[in-house]
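Enquirer:
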Amino acid sequence: MNHPENAKEYKGLQVNSGVKSQPSVNPYLKVKKRKPTLTAGEYVEGILKGNVTILGQAVTLVESTVDSHQQIAQEVIEKCLPHSGNSRRIGITGVPGAGKSTSIDVFGLHVLRNGGKLAVLAIDPSSERSKGSILGDKTRMEKLSQHPLAFIRPSPSAGSLGGVARKTRETIVLCEAAGYDNIFVETVGVGQSETAVHSMVDFFLLIQLAGTGDELQGIKRGIMEMADGIAINKADGDNIERANLAAAQFRNALHLFPPTPSKWVPEVTTYSGYFELNIDVVWSMIDRYFEYVKKTGYFQQKRNEQAKYWMLETINEQLRHDFYRRPVIQALLQQKELRVLNNEQSSFTAAHEVLNHYYNQLKQP
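Be aware that the sequence shown starts at 806, since it is given in my numbering, and climbs by one per residue.
1. Would the beta-carbon of PHE1008 fall within 7 Å of that of ASP1033?
2. Would a C-beta distance cut-off of 7 Å place LEU954 and LYS905 closer than the cut-off?
3. Using the three-state DSSP reduction, which class does GLN1022 fall into: helix, strand or coil?
4. How many Å lie between LEU866 and ALA1136 at the Cα?
5. Give me, in chain order, the residues of the same chain whose beta-carbon lies closer than 8 Å to that of ARG971; leave out the 5 immediate sequence neighbours on both sides.
6. Closer than 7 Å by C-beta to ARG974: which residues in its own chain qualify, once you throw out the five before and the five after it? Chain order, please.
7. Apart from the five residues on each side of it in sequence, which residues of its chain come closer than 7 Å, Cβ to Cβ, to GLU1072?
8. Which same chain residues, not among the five before or five after LEU1082, have their C-beta less than 8 Å away from its C-beta?
9. Under 6 Å Cβ to Cβ from PHE1062, same chain only, skipping five residues before and after it: list those, please.
10. Checking the sheet assignment: what are the DSSP bridge partners for GLU991?
11. By how many angstroms is the C-alpha of GLY1078 removed from the C-alpha of SER873?
12. Going by the CB atoms, is the gap between SER889 and VAL1002 shorter than 7 Å?
13. Over what stretch of residues does the alpha helix (DSSP H) that includes GLN876 continue unbroken?
14. Nearest to VAL1087 by CA position, among ASN1044, LEU1011, LYS1099, ASP1127, is which residue?
15. Report the three-state DSSP secondary structure of ALA1011 (helix, strand or coil).
16. Compare the Cα-Cα distances from ALA1015 to each of CYS980, ILE1028, GLN1054 and report the closest residue.
17. For the candidate residues VAL911, GLN1105, ARG1093, whose alpha-carbon lies nearest to that of THR1069?
18. What is the C-beta distance between HIS952 and LEU917, in whole angstroms, given that I count them as a contact (C-beta under 8 Å)?
19. Using CA coordinates, which residue listed in LYS1141, GLU1149, PRO1170 is at the minimum distance from VAL1160?
20. SER908: buried (16+ other C-beta within 10 angstroms of its C-beta) or exposed?
21. State the start and end residues of the unbroken beta strand (DSSP E) segment that holds VAL1006.
22. Helix, strand or coil: how does DSSP classify PHE1080 here?
23. Mind listing, in chain order, the continuous beta strand (DSSP E) runs of no fewer than 3 residues lying wholly within the region 1022-1057?
24. Does the beta-carbon distance from GLN928 to VAL969 come in below 7 Å?
25. Classify THR858: buried if its beta carbon has 16 or more other beta carbons within 10 angstroms, exposed otherwise.
26. Given that a residue counts as buried once 16 or more other Cβ atoms are within 10 Å of its Cβ, and exposed if not, what is SER1152?
27. For chain C, is any of its Cβ atoms less than 7 Å away from the one on ALA1058?
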């Protein structure tokens, strides 16, 4: 660039041309190209071949709340459905500290030693409050997380328990299509998540500890009634006698409950997940259950009932979503809330008026 200050009449004054301007972007920075989005057919092809990367991507689509992702996910699930259903679905629950993660680690290795593949899915009830998942369980399954035939997936990071549970059930379909013939569904905590897990598994295992006092209280009757088997963990060293006593007390408590729908009498056994003692005993109990329910026909009956249950649950969830996302309903709800709080209207009449407004909206073309 020519500077007029450098002309002859301006003696003693000289302006340098300066430094060449540098590019605004670091030339050494390598920009990663975005991965092309797969079609539903490509997802299905990868899943059926057992491609873990594509399976993980498909599960991410299932967990996504983006409408375009959900459309692809539902198409993938529909195409995988004929290839699913060939696994043993086992729900595992227990109070925090009962050793679920350690137990799943050793149970999983026991299953894999006998052939087959294993998928471990978690339902995290904390997600609705904190909007985050407990991912620590995967780190505690040290051996299983490194095994090439194991697939471990925490629950979605946000959403209601019903939504998380539905997505877990859909993930089961994808895992079964990918060749995983053993599915563990773990509840990270206690509460309503047990009911959700029970509605999607064939066998429900309750892990307990000795000496906690629960065996004397009949421990959370609802969970006890759902259990197909109870396993007392940490039955090792000086704790063996206490574990055996707890097992006897649990057996007595189970006799007070009405017969299960399958007519199977829940069994109680002891084991040690940390020291890997009696793992085969726990698994023999599970084997006996599957042999029994398949012989009586209850296995398929239960799966049919679960399929119907999840169809109705999905309808309920979609109706709730459609109802609360409408701007008119959101505004009306705010008005009604104020009237209810000011004792100007009862909760019931306010609810009826909001619902009637919603139904009238549906009737409009």
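Just so you know, even glycine gets a beta-carbon here, dropped at the ideal spot from N, CA and C.
Expert: Let me spell this out:
1. The sequence position of residue 1008 within the sequence shown is 203, counting from 1. The sequence position of residue 1033 within the sequence shown is 228, counting from 1. A Cβ-Cβ contact shorter than 7 Å links PHE1008 with ASP1033.
2. Translated into positions along the sequence shown, residue 954 becomes position 149. Translated into positions along the sequence shown, residue 905 becomes position 100. Taking C-beta atoms as the reference points, LEU954 and LYS905 fail to come closer than 7 Å.
3. Here residue 1022 refers to the residue found at position 217 of the sequence shown. Here the model assigns GLN1022 a pLDDT of 47, short of 50, so the residue's position is not dependable and the matter cannot be decided.
4. Residue mapping note: residue 866 aligns to position 61 of the sequence shown, counting from 1. Residue mapping note: residue 1136 aligns to position 331 of the sequence shown, counting from 1. When rounded, the distance between both Cα atoms is 32 Å.
5. The residue you call residue 971 lines up with position 166 of the sequence shown. Cβ contact annotation for ARG971 (same chain, cutoff 8 Å, sequence separation greater than five): TRP1115, GLU1118, THR1119, GLU1122, in chain order.
6. Here residue 974 refers to the residue found at position 169 of the sequence shown. So the qualifying residues of the chain are MET1005, TRP1115.
7. The residue given as residue 1072 occupies position 267 in the sequence shown. Excluding sequence neighbours, GLU1072 sits near GLY1034, MET1090.
8. Residue mapping note: residue 1082 aligns to position 277 of the sequence shown, counting from 1. ALA1040, ASP1041, TYR1076, listed in sequence order.
9. Within the sequence shown, the letter at position 257 stands for residue 1062. Taken in chain order, the residues that qualify are GLU1030.
10. Position 186 of the sequence shown, counted from the start, is the residue given in the question as residue 991. BP columns for GLU991 point to ILE897, ALA927.
11. For the purposes of this step, residue 873 is taken as the residue at position 68 of the sequence shown. For the purposes of this step, residue 1078 is taken as the residue at position 273 of the sequence shown. Distance between the alpha carbons of SER873 and GLY1078: 43 Å.
12. Translated into positions along the sequence shown, residue 1002 becomes position 197. Translated into positions along the sequence shown, residue 889 becomes position 84. The answer is no: Cβ separation not under 7 Å.
13. Along the sequence shown, read from residue 1 onward, the residue named residue 876 stands at position 71. Looking at the DSSP string, the run of the alpha helix (DSSP H) that includes GLN876 is 872-885.
14. Position 282 of the sequence shown, counted from the first residue, corresponds to residue 1087. Here the closest residue by C-alpha is LEU1011.
15. Locating residue 1011 in the sequence shown gives position 206, where the first residue counts as 1. The question names Ala, but residue 1011 is Leu in the sequence shown. Here LEU1011 sits in strand by DSSP.
16. On the sequence shown, residue 1015 is found 210 positions in, with the first residue counted as 1. Considering only alpha carbons, the answer is GLN1054.
17. As a position in the sequence shown, residue 1069 is number 264, starting the count at 1. Residue identity check: residue 1069 is Trp in the sequence provided, not Thr. If you compare the alpha carbons of VAL911, GLN1105, ARG1093 with that of TRP1069, the shortest gap goes to ARG1093.
18. One-based indexing of the sequence shown puts residue 952 at position 147. One-based indexing of the sequence shown puts residue 917 at position 112. That belief holds up - the Cβ atoms of HIS952 and LEU917 are roughly 6 Å apart, short of 8 Å.
19. As a position in the sequence shown, residue 1160 is number 355, starting the count at 1. In the sequence under discussion, the amino acid at residue 1160 is Leu, which differs from the Val named in the question. It is LYS1141.
20. Counting from one through the sequence shown, the residue named residue 908 turns up at place 103. Here SER908 is buried, its C-beta having at least 16 other C-beta atoms within 10 Å.
21. Along the sequence shown, one-based indexing puts residue 1006 at 201. Premise fails: VAL1006 is in no beta strand (DSSP E) and is neither H nor E.
22. Your numbering for residue 1080 matches position 275 in the sequence shown. In this structure, PHE1080 counts as coil in the three-state DSSP scheme.
23. Qualifying beta strand (DSSP E) stretches, in chain order: 1034-1037.
24. Start at 1 with the first residue of the sequence shown, and residue 928 comes out as number 123. Start at 1 with the first residue of the sequence shown, and residue 969 comes out as number 164. Contrary to the premise, residue 928 reads as Ile rather than Gln in this sequence. In contact: ILE928 and VAL969 (Cβ atoms closer than 7 Å).
25. Walking along the sequence shown from the start, residue 858 turns up at place 53. So THR858 counts as exposed.
26. Translated into the one-based positions of the sequence shown, residue 1152 becomes position 347. Classification of SER1152: exposed, given that the 10 Å Cβ count is below 16.
27. In the structure shown, chain C does not exist; there is a single protein chain.
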